[in-house]
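Using our numbering, you'd call the opening residue of the sequence shown number 227 and step up by one each time.
Think of the CB as a built atom: it goes at the ideal place given N, C-alpha and C, for glycine as much as any other residue.
Notes for the one structure printed next.
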Amino acid sequence: MVARTQHLRSRLSGGGGRVGRGWGANATEPEGTNGSVATAADAEKATSNGAEKPMTDEEKKIAEAVEAAFALEDEVPYVEPSDLQKLATSAKLLFARPWRRFKKGSVLTLKISGDIGDVKSGSPFRGESMSVPAICQALRNAAVDPRVAGVAIKIEPVAAGWGKLQELRRHLAHFNKSGKFSLAYMELGGEKEYYLACGCNEIYAPPSASLSLRGVKVAGTFLRGALEKAGVQPEVRRIGKYKSAGDQFLRKDMSEPQREQLTALLDAIYYHFCESIAEARGKTAEEARELLDRGVYEMETLQEEGWLTDLKYETDLTKVIAEKLGEDVKTKVAKGKGIPKVGFRKYARVDPSTFGTEGGRKVIAVVRAAGAITGTGDEEQAGQINSGPVIRKMRALRKDKRVAAIVLRVDSPGGSALASDLMWYEIQQTAKKKPVVASMADVAASGGYYMSMACRKIVCEPLTITGSIGVVTGKFSLQELYNRVGYAKETISRGRYANFLGEERPLTEDENEQFDREAQHAYESFRNKAAASRGMEPEKMQEYAQGRVWTGSDALERGLVDGLGGVNKAVAVAKAMAGIGADERVRVMEVSRGKMSPLQALSGGGASAGASPLLEGADDDWAPVRPFSAAAAALTDALARAVVGSAMQAGGAAVTGALGTSAVQGLVGAAVWQAAGAALAQGAATGQAQAVLSDPEVLGITGAGSTAAGSAQASLDGVAGWDGDVRGSI
């Protein structure tokens, strides 16, 4: 156990870590560096052996700067503003627009709940919605904003992976270095919510709170038995012994390779969780493990043992905060007045250049790709990645002379093999023109890793789930099901493989061989490209591929990534690669923005103060709607609902018309849905049963499970399906 703990400690170090090889315009790096960034000494040694051309002085300088950027222990360092910066900030705030002003000594209030996206979104009506980049930017601004005295966060159940939570914790630590107070309030939550709360100096909860701290787990679901009862025969090809996507359809229990990799992931998360909360609360990791094993549910016990600061109802936090703000505020609160505060939406409008933390002529562009890789479409949609928008951005940015470097932020479990390859090529072409650095969020596996490996360098969180270099593809034969329900289908075709993916019959022996060849070819292409990008021989990459997923720390040890950290670490590396000094200011430009429906735009997306004593009144003064009366705002909302409703009705009518002649197929779909337990649905429109296969290991760790009924898809975590492409999904 001691040896295992020491091993995990070395793997999960949040510092710079060992730096691996990159890929880009100069894809060949000196051999014998054992996966580390090429330094000037490495280059000279390689040159003496006749391996390659010597580095220029400028190239040596850049290589050393890149190495220094990776070695940064604190990627979001807090620097106390100078007197000159404070004076400049005061002048800018003096002339700020009226609706962006608030009282000095205010508390920044946030409510973090639900799905926390990795792409900024919002509307001109309600401002910024809650997202990881928006929260991080607000915390960085608040740390140096003379008007902000502290931050109070209400944490509700969140849907986010450990990578995003590590990024948020890093920025809370940055804020705490300013000397301002930070407190968290929780009523309901588990390990992830408590982990996030531990980023604050103080944690409060009511006596009746429900905090479930039991440990972490992962589970796999297996539907082979249900499919057999439904008369559905899965025909799935998985290349790579760890590529467990498809196991839920092929097996009735967990395979040993799947159990092996899930156990490794779970060990890493469990170790990091215990170490992190123990450090935050002044405990030992052993005490944290003992807490989880005891299953403590009494808030009084958690408070007495120091896991909670105190037991307070939300209304009582006003007095707690008033104590921190001084006698004047205490007196006002005693008279029934509230504390000065500013809400997230209003504060998110503050430009970081106000405080001199960002700015300058040189630009680092951040491109965010979040969600399943669904296909080659041109539309940019929230929660999924189409190759079209990513390709357009890469082409535009590599031509833009203002952009010195690019950070590609990837948060994807994979999907379409074709779309992944198209994006890989364009990212690689851009990396030949200017530095492109990948930053991995919760998951960058399979197709997500495919995109990342086109970048010159890769940065990930210690608990990012990455790798999964493998391929899965397949189809379902519904022949037996059709026989049971009396449904017949005859197909007339020309061409040997014209009905290759027909669902009314199983594959022939010849088609099986073709299926195997296509899948094997796709896998070897993926593996060989990964090997070339990481400076490995294909045989060496084979050891780390085979569909296996790794934590970021494990991936670093194996040379699959170059360093550990978040977006700020990636920006620092990109600056160094572009020859920009570490202390030189740059403008970080977000070029990705999530789309919102008209209703979301009017309602402000996911950021809402709600009926909360802590947050009440904090966001009721957002500017753009202020000129309108309440009646006008209500009318605008009603109008938007009417427009959207009409559009939805029209779309529904069109779909209904298209499906009108497929009643029997719809009944078949319903039968499959019931029999397979919401795992498979017969497509009423196309008459084809396509499955959206995913990595169950990603499902279990990130909690991203979902199912889709009444369509031609059965999804476990939203990873894109085959779309008729025999190469399938990666």
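Bridge partners - residue i, DSSP secondary structure assignment
i    : result
C686 : M666 and L790
N612 : G601
S638 : A670
A410 : I379 and I429
I465 : V697
P460 : F702
A631 : I590
A385 : D341
Whole-angstrom distance between residue j and residue i, CA atom to CA atom
i    : j    : result
Q311 : P578 : 13 Å
S355 : E606 : 18 Å
K403 : C426 : 11 Å
S642 : V458 : 24 Å
L790 : P661 : 18 Å
A827 : S347 : Bear in mind that a pLDDT of 46 at A827, under 50, signals an unreliable position, so the number given afterwards is only what the model happens to contain. Straight-line Cα distance between these residues: approximately 9 Å.
A314 : M679 : 42 Å
E299 : I956 : 34 Å
V384 : S339 : 5 Å
I611 : M666 : 15 Å
A490 : V444 : 11 Å
L707 : K455 : 9 Å
Q363 : V292 : 24 Å
K390 : R323 : 33 Å
S308 : N754 : 51 Å
E482 : D473 : 11 Å
R326 : A574 : 10 Å
M803 : K659 : 12 Å
L806 : V305 : Before going further, note that residue 806 is Ile rather than Leu in the sequence given. So the alpha carbons of these two residues sit roughly 19 Å apart.
K380 : H498 : 23 Å
A386 : I495 : 14 Å
Residue nearest to residue i in terms of C-alpha spacing, selected from the options
i    : options                   : result
Q654 : K683, L437 and S502       : K683
A757 : N367, L786, S502 and E413 : L786
K469 : A781, G773 and Y430       : G773
N794 : G343, Q392 and G586       : Q392
S646 : V616, A631 and L623       : V616
L957 : A657, G807 and Y411       : Residue 957 cannot be examined here, being either before or after the span of the chain that is shown, 227 to 956.
R477 : A291, K588, R743 and F448 : F448
E687 : R587, M803, G603 and R395 : R395
D788 : Q768, G761, R587 and G564 : G761
R520 : F499, S438 and T600       : S438
K330 : E428, E769 and S316       : S316
G792 : D668, N725 and E505       : D668
V697 : T602, S672 and E285       : S672
H397 : C424, D493, P372 and A781 : C424
G721 : R731, T541, L517 and E737 : E737
Where residue i falls, given that 16 or more other Cβ within 10 Å makes a residue buried
i    : result
P303 : exposed
N709 : exposed
E417 : buried
L320 : exposed
G552 : exposed
L409 : buried
K561 : exposed
A714 : exposed
Y420 : buried
Y523 : exposed
T580 : buried
D972 : Outside the shown range of the chain (227 to 956) lies residue 972, about which nothing can therefore be said.
G446 : buried
C-beta atoms of residue i and residue j nearer than 9 Å
i     : j    : result
E729  : L704 : yes
L543  : A360 : no
S434  : M525 : yes
V629  : I590 : yes
L336  : A431 : no
R366  : F401 : yes
L414  : E461 : no
P566  : F328 : yes
M649  : A664 : no
A375  : S332 : yes
D637  : A595 : yes
L689  : S759 : no
V1004 : V593 : For residue 1004 there is no data in the structure shown, the boundaries of the chain being 227 and 956.
R463  : A745 : yes
A548  : K558 : yes
Closer than 8 Å: residue i CB and nearest the ligand FMN heavy atom
i    : result
S436 : The ligand FMN is not part of the structure shown, which contains no ligands of any sort.
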